[in-house]
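Q: What follows is a structure written as C-alpha cells; I'll ask about it next.
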Amino acid sequence: MRHFDAWLLRDPYSIFHYYPTGRRWQETVRDLIHDRKICSPIESPSNPPVNLNAHPIHPQSDSLFMTRLPPEIRLRIYQYAFGDEVVHLVQLKDKIRHVRCPHADSSLDRNRRCCPVTPARWRLDTSSSSPSTTSTTSSNATTATTAAPAAVVLYPHTHPALPSHLSTSSLPLLRTCRAIYAEAADLPYTTPTFDVDDLHTFIAFAQTIAPQHLRALKRLSVHYTPVWQPLSGQSHKSSIYAHTHNDELWTRFWDRVAACSGLEQLHLTLDLGRFTSTAPAGPGAPGLVGGVGGGGGGLRLAIEEPWVAPILAVRGLRRFELAVTARADPRAKARLERELVRDAVVLRDRLREVLCSPGDYELSDGEGQSESSVPCAGGRRPRLAITAA
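Residues are numbered in my numbering as their position in the sequence shown, beginning at 1, plus a constant of 3.
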C-alpha cells in the first residue's frame, strides 16, 4: 500500500490509464487535487512568537563588535549583510523556497523575466522550454489540454532548471548569538522586496513565519495572471487551474496581505496574457481573442468590480503602483491601449486613495479623480506594457 500511495502522489492522473471505464476514481482524485489534500504544500500552523526575554541574554562584554560599535552602526552592518535584493518566492512541490535576484526593480520593471526560471507555469510563453499547453475556446467555456506530465501541471513553479537556481542561505549571522538575533531578527523581512506570482505560495509562506515577522514585511510585489475574473462565477471546477485560481484563494491571499501591518510598498501587476485581433463579421471594430488560456481578457478594471473588494482591506501604505501587461499583435495593441489606459488610470487612483489611507478610511461613492486626493509616494502613471505577440 505504501508503494501505491507513493505512485499515486507522484502521478495521480496515471490512475486514469488503469481505470479507463470507471469515473469514480477519476472524480475522487480530481476532487482531492482541487481541495489541495494531495499535491499541495503542507500548511503548517503559525509559529508562536519567540520570547527573547524568557531567558537572560549574555551581555557579550568580551565582544568588541557588541561593545565598541554603537547600535546604529551595527544595524547598518546587518542591513548590508542581508542585502536589499528582490526575493522571488516559489513553490517547489511541498516546500516554499526562494530565489534572490540582484535586480532591485525587477519585480515591476521586468515582470519577473530577470529570472526566467521563476515565473509560474501559466505565465510562461509556449515557445519557452516549459511544457506546452494548447487551448480551445468556445462561446461558453475554455478547455485546456496539455501534453505535459501530470506533476508539471499540478504545481505553480515547474521550470526544470529552477532547483539549481534556488538560494540556500540559512542566515548564519542570526545563529551567531542571541544578542545579534535580538537586534537583527526582523531585517531579513524588512530589507528585501518579496515577489510572488502564485496566491497559494504567499499564503503558505505567511503561515510558516512568525506573526511578528509577517508584520515586519515592508515591500511586496504581486504578479497576478487572471485565468478568469475572480469572484465572478466564471471559474470551472473541472479545470486544472481550479486549485490555483479560485475565489477562496483570492480572498485568503488579500487577507494575508492585509495582516502585514508594517507593509509600506505594494506593487500589483496584472498580466492579461496574449491577444490577437479577429476580422470583423460586420460593421465595427475587429474583435479580440486571447488572454490567458485563450479565453482571458475579461478582467474589468473598475473599483466597483467584486474582485477588487478583497484588495480594499489593505491600509496604511506609503506607496502603491499598478502595472498592466499584455502581448498583442499591432491591431489588437491599438485597441487594448485605447481601452486599458483610461481604466488603469482610474483604478490605480481609486485603489491608491484607499490603500494609502489610515485604517478607518472609507471609499467615497464619487467617480475616480485623475489624481488621488490621498497623498502617496511614487506618483507615476500606471505602467501599461503591451508587447508584440
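Backbone N, C-alpha and C define an ideal beta-carbon position, used for all residues, glycine too.
I'd like the span of the alpha helix (DSSP H) that includes Q94, first residue to last.
A: Per DSSP, Q94 belongs to no alpha helix (DSSP H); it is in the beta strand (DSSP E), 89 to 95.
Q: For a quick check, are the C-beta atoms of R100 and V89 less than 8 Å apart?
A: Against a cut-off of 8 Å, the Cβ pair of V89 and R100 comes out as no contact.
Q: Measure the C-alpha to C-alpha separation of G285 and K98 and round it to an integer number of angstroms.
A: Model confidence at G285 stands at a pLDDT of 45, short of 50, so the residue's coordinates are unreliable; what they give is reported in the following sentence. Whole-angstrom Cα-Cα distance: 53 Å.
Q: Look at A262 and L217 and say whether their C-beta atoms are less than 8 Å apart.
A: Yes, the pair counts as a contact, with Cβ atoms nearer than the cut-off.
Q: Which residue or residues does DSSP assign as beta-bridge partners of R321?
A: Beta-bridge pairing links R321 to no other residue.
Q: Can the beta-carbon of Y158 be found less than 8 Å from the beta-carbon of K96?
A: Their beta carbons are under 8 Å apart, which means Y158 touches K96 by this criterion.
Q: Evaluate the contact criterion for the stretch 307 to 317 versus the stretch 335 to 346: three or more CB pairs, one atom per stretch, below 8 Å.
A: Cβ pair count under 8 Å is below three, so no.
Q: If you drop the 5 nearest sequence neighbours on each side, which residues of the same chain put their C-beta closer than 6 Å to that of Y81?
A: So the list reads A187, L190, once near-sequence residues are dropped.
Q: Is DSSP giving E272 helix, strand or coil here?
A: The residue you asked about is not Glu; residue 272 is Thr in the sequence shown. Residue state, collapsed to three classes: strand.
Q: Less than 7 Å separating the Cβ of L78 from some heavy atom of the ligand FMN?
A: Absence of the ligand FMN is noted for the structure shown, with no ligands found whatsoever.
Q: May I have the straight-line CA-CA distance separating L320 from C359, to the nearest angstrom?
A: Roughly 4 Å between the two C-alpha positions.
Q: Based on Cα-Cα distance, which residue from P309, R330, L304 lies nearest to L343?
A: Comparing Cα-Cα distances from L343 to each of P309, R330, L304, the minimum goes to L304.
Q: Taking the C-alpha atoms as reference points, what is the distance between R126 and I60?
A: Roughly 48 Å between the two C-alpha positions.
Q: So does the stretch 248 to 265 actually touch the stretch 195 to 214, counting three or more Cβ pairs closer than 8 Å?
A: Touching, per the Cβ criterion.
Q: Scan the stretch 210 to 253 and note each continuous beta strand (DSSP E) run of 3 residues or more that stays entirely inside, going in chain order.
A: DSSP runs (the beta strand (DSSP E)) wholly in the stretch 210 to 253: 222 to 227.
Q: Let me know if R345 comes out buried or exposed under the rule of 16 or more other beta-carbons within 10 Å of its beta-carbon.
A: Its Cβ having fewer than 16 others within 10 Å, R345 is exposed.
Q: Quick one: what does DSSP say S280 is sitting in, helix, strand or coil?
A: S280: strand per DSSP, three-state reduction.
Q: Tell me which same chain residues have a C-beta within less than 7 Å of the C-beta of L302, skipping the five on either side of it?
A: Taken in chain order, the residues that qualify are P229, Q232, L273, L275.
Q: Give me the Cβ distance between R115 and H203, rounded to the nearest whole Å; I'm assuming they're in contact under 8 Å.
A: With a Cβ gap of about 17 Å, R115 and H203 do not count as contacting.
Q: How long is the line joining the alpha carbons of G86 and P214, rounded to whole angstroms?
A: If you take the alpha carbons of G86 and P214, they lie about 22 Å apart.
Q: Identify which residue in F323, W310, P73, C118 has its Cα closest to the Cα of A164.
A: With distances taken between Cα atoms, A164 lies closest to C118.
Q: State buried or exposed for Y83, treating a residue as buried only when at least 16 other CB atoms are found within 10 Å of its CB.
A: Looking at its Cβ environment, which holds fewer than 16 other Cβ atoms inside 10 Å, Y83 is exposed.
Q: Following the continuous alpha helix (DSSP H) through V344, name the residue where it begins and the one where it ends.
A: V344 -> alpha helix (DSSP H) spans 333 to 358.
Q: By how many angstroms is the C-alpha of L220 removed from the C-alpha of Q237?
A: If I take the Cα positions, the gap works out to 33 Å.
Q: Ordered along the chain, which non-local residues of its own chain (more than five positions away) have a Cβ less than 7 Å from that of V102?
A: Same-chain partners within the cutoff: H91, V93, C118, T121, H168, L169, S170.
Q: Would you kindly work out how many angstroms separate the C-alpha atoms of A123 and H162, rounded to a whole number?
A: Using only the alpha carbons, I get a separation of about 8 Å.
Q: Bridge partners of H101, per DSSP?
A: The partner list for H101 (beta bridge, DSSP) reads L92.
Q: Classify P195 as buried or exposed, calling it buried when 16 or more other Cβ atoms lie within 10 Å of its own Cβ.
A: Answer is buried; the Cβ neighbour count reaches 16.
Q: My understanding is that T247 touches D201, with C-beta atoms under 8 Å, so please give their C-beta distance in whole angstroms.
A: Right, the Cβ-Cβ distance comes to about 7 Å (below 8 Å), so this counts as a contact.
Q: Pick helix, strand or coil for V260, following the three-state DSSP scheme.
A: Residue state, collapsed to three classes: helix.
Q: Checking 8 Å against the spacing of the C-beta atoms, do F256 and F205 come in under that value?
A: Going by C-beta atoms, F256 is nearer than 8 Å to F205.
Q: I need the boundaries of the alpha helix (DSSP H) containing T193, first residue and last residue.
A: Its alpha helix (DSSP H) spans residues 190 to 193.
Q: Any idea what DSSP makes of V327, helix, strand or coil?
A: If DSSP states are grouped into helix, strand and coil, V327 belongs with the strands.
Q: Please report the distance separating the alpha-carbon of L271 from that of S242.
A: Their Cα atoms are separated by approximately 25 Å.
Q: Measuring only the C-alpha atoms, how far is T179 from D352?
A: Whole-angstrom Cα-Cα distance: 46 Å.
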